[in-house]
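These notes concern the structure reproduced below.
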Amino acid sequence: MITFEETGISSDLLKAVKELGYETPTEIQEKAIPHLLSNDTDLVAFAQTGTGKTAAFGLPLIMQTDIKSSKTQSLILCPTRELCIQITRDMEGYSKYVKGFRVVPVYGGASIEKQIGDLKKGAHAVVGTPGRVLDLLNRKRLSFTNIEHLVLDEADEMLSMGFKDDLDDILKDSPEDKQILLFSATMPKEIERIANKFMTNPVEISAGKRNAGADNVNHEFYMVNARDRYSALKCLADLHPNIYGIVFCRTRRETKEVADKLMQDGYNADALHGDLSQAQRDHVMNRFRSKILQILVATDVAARGLDVTDLTHIINYNPPDDNEVYIHRSGRTGRAGKKGTSISIIHTREGHRIKALEKIVGKKFNKQNVPTGKEICEKQLFNLVDKVEKIEVDDSQIEQFLPVIYKKLDWLSREDLIKHFVSVEFNRFLGYYKNAPDINASTSRRDDRDRKSDRGRRGDRDRDRDSRDRNGDRGRRGERGDRDKKPRSSTE
Numbered sequence: 091m092i093t094f095e096e097t098g099i100s101s102d103l104l105k106a107v108k109e110l111g112y113e114t115p116t117e118i119q120e121k122a123i124p125h126l127l128s129n130d131t132d133l134v135a136f137a138q139t140g141t142g143k144t145a146a147f148g149l150p151l152i153m154q155t156d157i158k159s160s161k162t163q164s165l166i167l168c169p170t171r172e173l174c175i176q177i178t179r180d181m182e183g184y185s186k187y188v189k190g191f192r193v194v195p196v197y198g199g200a201s202i203e204k205q206i207g208d209l210k211k212g213a214h215a216v217v218g219t220p221g222r223v224l225d226l227l228n229r230k231r232l233s234f235t236n237i238e239h240l241v242l243d244e245a246d247e248m249l250s251m252g253f254k255d256d257l258d259d260i261l262k263d264s265p266e267d268k269q270i271l272l273f274s275a276t277m278p279k280e281i282e283r284i285a286n287k288f289m290t291n292p293v294e295i296s297a298g299k300r301n302a303g304a305d306n307v308n309h310e311f312y313m314v315n316a317r318d319r320y321s322a323l324k325c326l327a328d329l330h331p332n333i334y335g336i337v338f339c340r341t342r343r344e345t346k347e348v349a350d351k352l353m354q355d356g357y358n359a360d361a362l363h364g365d366l367s368q369a370q371r372d373h374v375m376n377r378f379r380s381k382i383l384q385i386l387v388a389t390d391v392a393a394r395g396l397d398v399t400d401l402t403h404i405i406n407y408n409p410p411d412d413n414e415v416y417i418h419r420s421g422r423t424g425r426a427g428k429k430g431t432s433i434s435i436i437h438t439r440e441g442h443r444i445k446a447l448e449k450i451v452g453k454k455f456n457k458q459n460v461p462t463g464k465e466i467c468e469k470q471l472f473n474l475v476d477k478v479e480k481i482e483v484d485d486s487q488i489e490q491f492l493p494v495i496y497k498k499l500d501w502l503s504r505e506d507l508i509k510h511f512v513s514v515e516f517n518r519f520l521g522y523y524k525n526a527p528d529i530n531a532s533t534s535r536r537d538d539r540d541r542k543s544d545r546g547r548r549g550d551r552d553r554d555r556d557s558r559d560r561n562g563d564r565g566r567r568g569e570r571g572d573r574d575k576k577p578r579s580s581t582e
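Under the working numbering, the residues of the sequence shown are numbered 91 to 582, in order.
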């Protein structure tokens, strides 16, 4: 492992990254920075989201910029508005001591006139979404004439979002002698096509195994009947009182329904999907980043480009149709050296999906049982006790109320006082899970044979149940959340 000093970056950049808390380069930074500072060859780099890619290409680009020229010399393309803003902030942080360096973000959903005004002031680097970049180019408000470096960040995501034609146009219209830096977590055929068509003898580097999952992520799966999927999610949320994670759903409708159920059941949750306006989206994301929300329920499209740190869990309410999407989902946790958990809730006919995911991720998935009511209650109780033990007491503020409190509770013994105190927070969990059924689906060989041989009435009934589940069946069997006592997250 090398130090940032040994990567070859300037003293101004070194000072900035040290202030940002960067201690040693990540694997992708260690491989990419020295290469980019000493070569002008095209580069294909494979790295997961959250591995430090922005610094890997951003630091060399800043160092190679001719500050005396106001022309745009670097163009960084990324899939979403959020990622545009994040990359811009990072570049501004890196260039803190590089006097005169300017970076401008351009993206849809914001005033193009303001962005045109920002570009007129000069931009050494432009960070943008493909659609808005092309719009500005067609309006002749953004020039490619002096582009020396073109970065495709999260290239696989841009392609999966339908930006193929836009990327082709940008690559064709930019100077032939530019350096292309392509960063991707996976290697679909379209990435290979771009490399073969637009890049010249690209050097390939990789941080970890290509298409593989992050090393710090533990992969688990729970098998239940389709009708019990939400109940399983609820149990898992209760088993992890301090959860801070994203629940991925397949459709907007399912996203709304799951988020609504969680909110009705008292969890700090909300939804992120394509029907939200930009203002609504920003509001939800601000609440999630500030950890007012513990659980964000999202579609893959809506969550693309989100940069949220410290996620403890990723929960796949349904396994994705495309196995490579799973890599992007799970890669959102386990970042910056921290541990994370990716959970998949599957039904009995999706067991084969786990084998396929294990193959592409390169890791064993651990089968877990949905926790019992007793296990959940124990976890919640111990979490409550830990919070009480660690809470900071402001004596100056509470002292004036203590005499009345002492008098009011004087009749209780120490043991009874503890029981009463715990019951205030805990009774709802005890009531809800008192007679909770076991919702784990059997996976024995006999059951497997039964499922394969029974093609008749039971299979049709199960398919009907699955259909109702997908269409938002709110019947008795599908919703345990209709009980009178609905526990809230203990971290409200």
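A virtual CB, placed ideally from N, CA and C, is assigned to each residue, including glycine.
Candidates the options: closest to residue i by CA position
i, options, result
"L103", "S250, T144, V188", "V188"
"L366", "I284, K346, F378", "K346"
"L396", "N236, K121, E244, A135", "E244"
"D258", "A213, L167, A200, G335", "L167"
"I508", "V478, C339, Y522", "V478"
"A135", "F253, H309, S296, L474", "S296"
"F511", "P493, L471, G190, S486", "L471"
"L127", "I152, T462, D255", "I152"
"G335", "D350, P493, R342, A388", "A388"
"G212", "D225, R192, R222", "R192"
"N525", "K454, T462, T438", "T462"
"I260", "F273, P278, I237", "I237"
"R317", "A531, S264, W501", "A531"
"K429", "T399, E440, H442, N286", "T399"
"T431", "F516, A327, T402, I417", "T402"
"K262", "F516, I284, R379, M181", "I284"
"D328", "R379, G452, H442, E468", "E468"
For residue i, three-class secondary structure by DSSP
i, result
"S532", "coil"
"I123", "helix"
"N408", "coil"
"L149", "helix"
"R553", "Confidence in R553 is poor, its pLDDT being 45 and thus under 50, which makes the residue's placement too unreliable to answer from."
"S101", "helix"
"D506", "helix"
"L167", "strand"
"D476", "helix"
"G521", "helix"
"F495", "Here the sequence assigns Ile to residue 495, which means Phe is not the residue at that position. Correct three-state label for I495: helix."
"L366", "coil"
"S274", "strand"
"Q154", "coil"
Environment of residue i [buried if 16+ CB atoms lie within 10 Å]
i, result
"N315", "buried"
"M91", "exposed"
"Q205", "buried"
"Q354", "exposed"
"P527", "exposed"
"H373", "exposed"
"T114", "exposed"
"I488", "exposed"
"V51", "For the chain, the structure presents residues 91 to 582; residue 51 sits outside this window and is missing."
"H214", "buried"
"S486", "exposed"
"V348", "buried"
"F491", "exposed"
"L362", "buried"
"K268", "buried"
"N406", "buried"
"A369", "exposed"
"G424", "buried"
Same chain only: Cβ atoms within 6 Å of residue i, ignoring 5 sequence neighbours per side
i, result
"P169", "E244, E247, M248, M251, R394, G395"
"E408", "Glu is not the amino acid found at residue 408; the sequence shown has Asn there. So the qualifying residues of the chain are R340."
"I270", "D132, L240, M289"
"Q458", "E310, Y312"
"Q119", "G142, A145, A146"
"F253", "P220"
"R551", "Any reading at R551 must be qualified, since the residue scores a pLDDT of 45, below 50, and its modelled position is unreliable; no value is offered."
"L272", "V134, L242, A245"
Proximal residues to residue i (C-beta, below 8 Å), its chain only, five neighbours per side dropped
i, result
"A322", "Y312, V314, I435, V460, I529"
"Q107", "Note that residue 107 corresponds to Val in the displayed sequence, not to Gln. For V107, where only same-chain residues beyond five positions count, the Cβ hits under 8 Å are F94, I99, A145, L149, Y184."
Own chain residues within Cβ distance below 7 Å of residue i, not counting five before or after
i, result
"C174", "C168, P195, Y197, V217, G218, T219"
"R229", "none"
"Q176", "D397"
"D506", "none"
Segments assigned alpha helix (DSSP H), at least 4 residues, entirely inside the stretch 436-470: 441-451
Secondary structure, beta strand (DSSP E): runs of 3+ residues fully inside the stretch 292-355: 293-296, 307-313, 335-339
Quick one: complete alpha helix (DSSP H) runs, 4+ long, within the stretch 181-253? 202-210, 220-228, 245-250
Give the list of continuous alpha helix (DSSP H) stretches no shorter than 4 residues that lie fully inside the stretch 369-406. 390-393
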